[in-house]
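Once you know that position 433 of the sequence shown is 433 in the UniProt record's numbering, the rest is easy, because the numbers rise by one and skip nothing. Presented below is the structure to which this report refers.
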Amino acid sequence: MKKKAFICTCAASLLICNCVTAAPVFAADYSFIQKVENLQYDAEFQAELAEEEAIKAGKADTSWFDPDDPKEVYEITTEQQLFGLAKLVRTRKIEWKVNEVYTFKGVTFKLMNDIALTKNWIPIGNSEVHLFEGVFDGNGHTISGIKINGSQEDNQGFFGYLAGTVNNLNLSGSINTYGSNIGGMAGTMTSSAVVENCTVNIEVSGTDKIGGVVGESNSGQVINCHNQGSVKGNVKVGGVVGENWNGRIEQCSNEGTVVSKGKGVGTYGTGGIAGRSVAKSAMIKESFNRGNIHSGNECAGGVVGYTNAVGSTVESCYNTGSVSGPEDGSYGYVGGVVGSIGEDGVKLRNSYNAGTLKNGKYIGGILGNYTADYYNDIGRSISNNYYLNNSAKAAVGKDREGKGKKRYSKTIVPMSSGDMRSTHMASDLGNAYRPDTSGMYGMNNGYPVFIWQENETIDRNAILKKMRIGYKDSFQKFFEENLYGTVSGEFIIEMFNPHVYIENMFSELKDKAEDMK
1 MKKKAFICTC
11 AASLLICNCV
21 TAAPVFAADY
31 SFIQKVENLQ
41 YDAEFQAELA
51 EEEAIKAGKA
61 DTSWFDPDDP
71 KEVYEITTEQ
81 QLFGLAKLVR
91 TRKIEWKVNE
101 VYTFKGVTFK
111 LMNDIALTKN
121 WIPIGNSEVH
131 LFEGVFDGNG
141 HTISGIKING
151 SQEDNQGFFG
161 YLAGTVNNLN
171 LSGSINTYGS
181 NIGGMAGTMT
191 SSAVVENCTV
201 NIEVSGTDKI
211 GGVVGESNSG
221 QVINCHNQGS
231 VKGNVKVGGV
241 VGENWNGRIE
251 QCSNEGTVVS
261 KGKGVGTYGT
271 GGIAGRSVAK
281 SAMIKESFNR
291 GNIHSGNECA
301 GGVVGYTNAV
311 GSTVESCYNT
321 GSVSGPEDGS
331 YGYVGGVVGS
341 IGEDGVKLRN
351 SYNAGTLKNG
361 KYIGGILGNY
371 TADYYNDIGR
381 SISNNYYLNN
391 SAKAAVGKDR
401 EGKGKKRYSK
411 TIVPMSSGDM
421 RSTHMASDLG
431 NAYRPDTSGM
441 YGMNNGYPVF
451 IWQENETIDR
461 NAILKKMRIG
471 YKDSFQKFFE
481 ENLYGTVSGE
491 FIIEMFNPHV
501 YIENMFSELK
511 DKAEDMK
């Protein structure tokens with residue numbers, strides 16, 4: 001034993017001596033480059049090991065894929081096949097050819113049933129090289145139990161890096177990381193990527209560019225997607241998309257709480273639909289937020305925190321959630337729809353705010369801050385917007401031109417809650433809207449909704465609980481005294497609840513019943 005120890009010690013000493021005497025032979029910058037490359041290689045190697053271990057834990061099944069006989073459509077039925085897809089996208093076709101990878105462009109994957117994951121998830125794709133370019137058809141099914149915990153890597157989500165299409169898919173789970181570009185469905189989207197008809201209920205957290213559905217969209221399209229999970233990050237945090245760079249967001253919604261923890265002044269944004277929506281073709285259209293927004297950043301908005309560039313558009317959007325800026329109120333812009341518009345030519349049209357606004361230095365019913373230089377352009381770029389008159393003292397919190405209320409009198413209009421719930425309000429906002437016929441206890445508290453929104457199931461017991469006690473007792477007594485035969489109280493509620501406020505209609509019914517006696 002001692003002899004072996006002695007030999008090992010001598011060998012180690014000899015190795016150290018060789019290293020010391022050899023070092024001066026090489027130039028200093030060469031040694032530095034070599035060291036950096038070694039560190040990078042080591043980090044990549046460790047990441048690959050971690051991925052391999054996770055994939056092994058998930059027992060990846062790639063038996064369905066034959067590279068010599070590829071198919072146009074693959075059916076996914078098991079957790080192991082999902083892990084297999086993730087493994088293949090991260091695999092090189094030929095080990096020594098970096099860009100020879102499986103992206104599955106032109107290939108469709110169809111989910112045939114719900115799948116509950118039992119192992120920690122490894123995203124499908126993670127970089128510009130290892131990305132998914134195929135079509136993933138969720139077929140209306142749900143993948144639950146998605147879990148990514150403690151990762152420091154960027155591009156995390158069910159898809160890490162998406163250049164293809166995902167549709168008709170529902171997800172649930174949790175993604176808690178320390179990286180950037182984190183989203184429930186996709187961490188990063190390219191210009192060719194589309195996410196459509198999807199629902200995400202995932203608790204998502206990270207640092208920069210964090211979204212309930214997508215972390216960063218680089219000219220991608222997010223259509224008819226809905227987030228129900230909480231979203232937390234430092235900067236550029238959105239209920240649907242963290243940063244929408246030149247992309248399109250249409251007919252989307254957020255009902256989850258959105259929180260940005262980063263503090264300080266800058267164009268960082270926090271919003272119900274997008275944290276930031278920037279570049280000339282960036283669009284948010286026919287989308288709404290019901291979730292509560294809590295921002296430590298400079299810009300917080302019910303729909304979008306910050307937007308800029310001529311041509312960028314926020315059109316036919318609404319907010320009913322609460323929006324709060326920095327708690328100390330020493331800085332920050334808080335807007336019912338947009339936190340801050342940073343350039344001339346941004347279009348803000350046919351939108352409204354019915355949510356509460358607080359904190360921040362500047363608070364506006366529609367806009368927290370507007371930096372446009374040209375007074376005469378206001379009517380062309382900002383038009384037909386409304387806000388509850390008790391949500392803010394002014395339509396715009398801070399205005400570079402300082403024109404005051406007069407400047408916005410025809411473009412942003414304060415309204416009472418009664419007027420905003422009126423039947424004509426939807427037509428005033430434009431053809432994207434319809435009245436909330438379910439009344440003040442229904443889908444949207446009586447405020448206008450979009451035509452694309454389906455009628456939500458109304459809980460009649462919940463409606464009755466919200467009624468004042470006096471009305472509730474009289475309502476019950478009225479049914480007992482006046483209903484007979486096959487007609488039930490539930491049927492009566494079914495008849496009139498979709499069209500009027502329950503308390504007012506009850507009074508009318510009661511009067512008519514008295515006249516008939």
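By construction, the Cβ of each residue, glycine as well, lies at the ideal position given by its N, Cα and C atoms.
- Residues of its chain near ILE79, where Cβ-Cβ distance is below 6 Å and the 5 sequence neighbours each way are ignored: According to the sequence shown, residue 79 is Glu rather than Ile. Excluding sequence neighbours, GLU79 sits near ILE115 and LEU117.
- Message: I'd like to know if the stretch 314-323 and the stretch 285-296 are in contact, where contact means that at least 3 CB-CB pairs between them fall below 8 Å.
- Response: Cβ pair count under 8 Å is three or more, so yes.
- Between the beta-carbon of GLY321 and the beta-carbon of GLY364, is there less than 9 Å? No, they are not a contact pair.
- Message: Closest to TYR102 by C-alpha separation, out of SER340, PRO67 and HIS294, would be which residue?
- Response: The closest CA to that of TYR102, considering only SER340, PRO67 and HIS294, is found on PRO67.
- Message: Checking 9 Å against the spacing of the C-beta atoms, do MET283 and GLY247 come in under that value?
- Response: Yes, they are a contact pair.
- If you check the beta carbons only, do ASN176 and GLU196 fall under 9 Å apart? The answer is no: Cβ separation not under 9 Å.
- CYS299 versus ASP69, GLY430, GLY329 and VAL449, residue with shortest Cα-Cα distance: Among ASP69, GLY430, GLY329 and VAL449, the Cα nearest to that of CYS299 belongs to GLY329.
- Message: Given this structure, state the Cα-to-Cα distance separating ILE148 from ALA426, to the nearest angstrom.
- Response: If you take the alpha carbons of ILE148 and ALA426, they lie about 42 Å apart.
- Task: Thinking ASN234 and LYS261 are a contact (beta carbons under 8 Å), I'd like their distance in whole angstroms, please.
- Result: That pair is a contact at about 5 Å.
- Give me the Cα-Cα distance between VAL98 and VAL310, rounded to the nearest whole angstrom. Confidence at VAL98 is low in this model, with a pLDDT of 47, below 50, so the placement of that residue should be treated as unreliable; the coordinate-derived value is given next. Using only the alpha carbons, I get a separation of about 40 Å.
- Task: Consult DSSP for SER417 and reduce its assignment to one of helix, strand or coil.
- Result: Helix, per DSSP.
- Should THR77 go down as buried or exposed, given a rule of 16 or more other Cβ atoms within 10 Å for buried? Label assigned to THR77: exposed.
- Starting from ALA309, trace the alpha helix (DSSP H) both ways and give me its first and last residue. Segment: none, ALA309 is in no alpha helix (DSSP H) and carries neither H nor E.
- Counting along the chain, where does the beta strand (DSSP E) carrying SER427 start and finish? Looking at the DSSP string, SER427 is not in any beta strand (DSSP E); the run it does join, the alpha helix (DSSP H), is 424-429.
- Item | C-alpha distance - GLY212 paired with GLY106, whole-angstrom precision | About 27 Å.
- Message: Taking its Cβ as the centre, do 16 or more other Cβ atoms sit within 10 Å of SER281, making it buried, or is it exposed?
- Response: It counts as exposed.
- Task: Just tell me which of ASN350, ASN244 and PHE159 has its CA closest to the CA of GLU128.
- Result: Closest by alpha carbon: PHE159.
- Query: For ASP436 versus VAL449, is the C-beta distance shorter than 9 Å?
  - Reply: Yes, the pair counts as a contact, with Cβ atoms nearer than the cut-off.
- Item | Separation of CYS225 from GLN251, as counted between CA atoms | Rounded to the nearest angstrom, the two C-alpha atoms are 7 Å apart.
- Query: Excluding sequence positions up to five away, which residues of its chain have a Cβ less than 8 Å from the Cβ of TYR447?
  - Reply: Only TYR318, THR320, TYR352, ALA354, MET420, ARG421, MET425 and ASP436 meet the Cβ criterion.
- Under a three-way DSSP split, which group does PHE104 fall into? Coil.
- Please list, in chain order, all residues of the same chain as GLU153 whose beta carbon is under 6 Å from its beta carbon, the five residues on each side excluded. Closer than 6 Å at the Cβ level, and outside the excluded window around GLU153, lie GLY179.
- Task: Give, in chain order, every unbroken run of the alpha helix (DSSP H) that is at least 4 residues long and sits entirely within the stretch 339-392.
- Result: Fully enclosed alpha helix (DSSP H) runs of 4 or longer: 378-381.
- Message: Assuming THR275 is part of the beta strand (DSSP E), what are its boundary residues?
- Response: Going by the sequence as given, residue 275 is Gly instead of Thr. 274-278 is the span of the beta strand (DSSP E), which, as asked, contains GLY275.
- Message: Here's a check: name, in chain order, each residue in its chain whose Cβ is nearer than 6 Å to the Cβ of ASN308, leaving out the five neighbours to either side.
- Response: So the qualifying residues of the chain are VAL278, GLY342 and GLU343.
- Item | ASN359 beta carbon less than 9 Å from that of GLY332 | Yes.
- Query: By a C-beta neighbour count over all protein chains shown, 10 Å radius and 16 as the cutoff for buried, is LYS59 buried or exposed?
  - Reply: LYS59 comes out exposed.
- Query: Leaving out five residues before and five after LYS71 in sequence, what residues of the same chain have Cβ atoms less than 8 Å from its Cβ?
  - Reply: Counting only residues of its own chain and dropping the five nearest sequence neighbours on each side, LYS71 has a CB closer than 8 Å to the CB of VAL107.
- Can you tell me where the alpha helix (DSSP H) with GLN80 in it begins and where it stops? GLN80: member of the alpha helix (DSSP H) spanning 79-89, first to last residue.
- Of the choices GLY418, ASP399, THR423 and ALA395, whose alpha-carbon is the least far from that of ILE412? Among GLY418, ASP399, THR423 and ALA395, the Cα nearest to that of ILE412 is on ALA395.
- Query: In three-state terms, what does DSSP make of GLY140?
  - Reply: Residue state, collapsed to three classes: coil.
- Item | ASN350 and GLY220 closer than 9 Å at C-beta | No. Outside cutoff.
- Task: Kindly identify the DSSP beta-bridge partner or partners of TRP121.
- Result: Secondary-structure assignment with DSSP links TRP121 through no beta bridge to anything.
- GLY187 lies in the beta strand (DSSP E); which residues open and close that run? Element bounds for GLY187: 186-189.
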